[in-house]
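**Q** Counted the way my numbering counts, the sequence shown spans residues 24 to 274. Don't be surprised by glycine CBs; every beta carbon is placed ideally from N, CA and C. Keep in mind it's a predicted model, so treat the numbers as computed, not measured.
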Amino acid sequence: MNLSVVILTFNNTRTIRQVLEAVAGWATEIVVVDSGSTDDTLSIAQAFGCRIYHRKFDGFGKQKHFAVEQAKNDWVFVVDSDEVVTHELKEEINTHLLGDNPYQGFKIPRLLIFLGKKMKYGRESKLPTLRLFNKQFGNYNHKDVHEDVELNGNTLTLRNYMLHYSFSDMAEFFQKMNDYSSRSAVELNNKGKKTSLIKVITKFPITFFTEYFVRLNFLNGYHGIIWSFTQGVYAALKYIKLRELQDTNQK
């Protein structure tokens with residue numbers, strides 16, 4: 024089976040070894056595109072025989088688009104540096120790609136692991152995302168955040184899932200959310216989106232209520248409360264930064 028696994032990296036020693044162990048010996052090749060790691064990420068990748076490229080980060084969409092282009096095989100599986108492919112998922116992928124396959128892409132569910140707990144409820148629980156596709160039929164768009172694969176073909180959602188080891192602690196959350204919210208605010212501003220004082224004030228409570236009650240995160244116990252809190256913080260911060268950009272534009 025000719026399959027390339029593609030991974031973006033930047034200081035991922037917490038998870039990268041586990042990620043690579045899951046796909047080494049299964050994929051034909053592993054392509055790593057690194058944006059300046061200063062820890063042991065690259066030495067670990069080298070030990071697994073990955074093909075490593077260095078590229079300055081200029082947005083998730085462009086970075087993933089570039090990474091996919093480096094793959095030698097048509098079939099590409101884009102795996103984040105904190106996602107572990109399960110044995111069951113690999114077997115299911117083998118069944119499709121080694122058989123008579125009428126699809127050009129497959130959506131992969133992800134089971135969120137937040138602060139060490141498997142989140143069995145909520146929108147993020149087994150949310151399917153298009154990650155495995157034939158690059159002859161598409162690639163990632165150039166969105167800075169919330170990037171998508173634009174595919175000209177049929178897709179199928181698989182039953183089995185990846186394990187998504189998200190934030191290990193709240194310090195990591197605030198570090199990443201500061202970057203993500205800034206990029207999201209710039210993207211909204213570039214699209215001409217506007218915000219208001221009312222939206223800034225109400226974004227946190229509305230998002231928290233939606234995540235905790237509507238999306239059933241209360242069933243995840245304490246971790247569901249914290250997850251809903253983080254999503255509310257991210258949403259509010261994004262619109263606060265958008266308001267700052269609007270004020271700067273008006274000066």
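Taking the alpha carbon of N25 as the reference point, which residue from R154, N213, V99 and G215 has its own alpha carbon closest?
**A** Here the question's residue 25 lines up with position 2 in the sequence shown. The option with the nearest alpha carbon to N25 is V99.
**Q** Between the alpha carbons of P132 and T36, how many angstroms are there, rounded?
**A** On the sequence shown, residue 132 is found 109 positions in, with the first residue counted as 1. On the sequence shown, residue 36 is found 13 positions in, with the first residue counted as 1. Going by the C-alpha atoms only, they are around 24 Å apart.
**Q** When burial is assigned at 16 or more other CB atoms within 10 Å of the CB, is N105 buried or exposed?
**A** Counting from 1 along the sequence shown, the entry for residue 105 is found at position 82. Position check: residue 105 holds Asp in this sequence, whereas Asn was assumed. Classification for D105: buried.
**Q** With P228 as the anchor, note down where its alpha helix (DSSP H) starts and where it stops.
**A** Within the sequence shown, residue 228 is the residue found at index 205, counting from 1. L220 to F232 is the span of the alpha helix (DSSP H), which, as asked, contains P228.
**Q** Measuring straight from C-alpha to C-alpha, what distance separates R182 and I263?
**A** Taking the first residue of the sequence shown as 1, we reach residue 182 at position 159. Taking the first residue of the sequence shown as 1, we reach residue 263 at position 240. Answer to the nearest angstrom: the Cα atoms are 39 Å apart.
**Q** Check Y126 in the structure and name its three-state DSSP category.
**A** As a working note, residue 126 is residue 103 in the sequence shown. DSSP places Y126 in coil when its eight states are reduced to three.
**Q** Could you tell me whether the segment 136-146 touches the segment 85-101, using the rule of 3 or more Cβ pairs below 8 Å?
**A** Verdict: no, contact absent.
**Q** By a C-beta neighbour count over all protein chains shown, 10 Å radius and 16 as the cutoff for buried, is A194 buried or exposed?
**A** Here the question's residue 194 lines up with position 171 in the sequence shown. With fewer than 16 Cβ atoms within 10 Å of its Cβ, A194 is classed as exposed.
**Q** Just reading off the beta strand (DSSP E) that V54 is part of, what are its end residues?
**A** The residue labelled residue 54 in the question sits at position 31 within the sequence shown. E52 to D57 is the span of the beta strand (DSSP E), which, as asked, contains V54.
**Q** Can you tell me the Cα-Cα spacing of V56 and V42, whole angstroms?
**A** For the purposes of this step, residue 56 is taken as residue 33 along the sequence shown, with counting starting at 1. For the purposes of this step, residue 42 is taken as residue 19 along the sequence shown, with counting starting at 1. If you take the alpha carbons of V56 and V42, they lie about 14 Å apart.
**Q** Which residue from N212, K79 and E170 puts its Cα closest to that of L153?
**A** Position 130 of the sequence shown, counted from the start, is the residue given in the question as residue 153. Looking at the Cα atoms, E170 is the closest of the given residues.
**Q** Does the Cβ-Cβ distance between L31 and Q69 come in under 8 Å?
**A** Position 8 of the sequence shown, counted from the start, is the residue given in the question as residue 31. Position 46 of the sequence shown, counted from the start, is the residue given in the question as residue 69. No, they are not a contact pair.
**Q** Using a Cβ-Cβ cut-off of 7 Å (strictly less than) and excluding sequence neighbours within five positions of Y245, which residues of its own chain qualify?
**A** Within the sequence shown, numbered from 1, the residue matching residue 245 stands at position 222. For Y245, where only same-chain residues beyond five positions count, there are no Cβ hits under 7 Å.
**Q** Between the alpha carbons of V101 and K130, how many angstroms are there, rounded?
**A** Taking the sequence shown and counting its residues from 1, one reaches residue 101 at position 78. Taking the sequence shown and counting its residues from 1, one reaches residue 130 at position 107. Cα to Cα, the separation comes out at about 11 Å.
**Q** Considering only the beta carbon of each residue, do V168 and F80 sit closer than 8 Å?
**A** Counting from one through the sequence shown, the residue named residue 168 turns up at place 145. Counting from one through the sequence shown, the residue named residue 80 turns up at place 57. Contact: no.
**Q** Using 10 angstroms around the beta-carbon of K217, count the other beta-carbons present and answer buried if the total reaches 16, otherwise exposed.
**A** Numbered from its first residue, the sequence shown carries residue 217 at position 194. Burial call: exposed.
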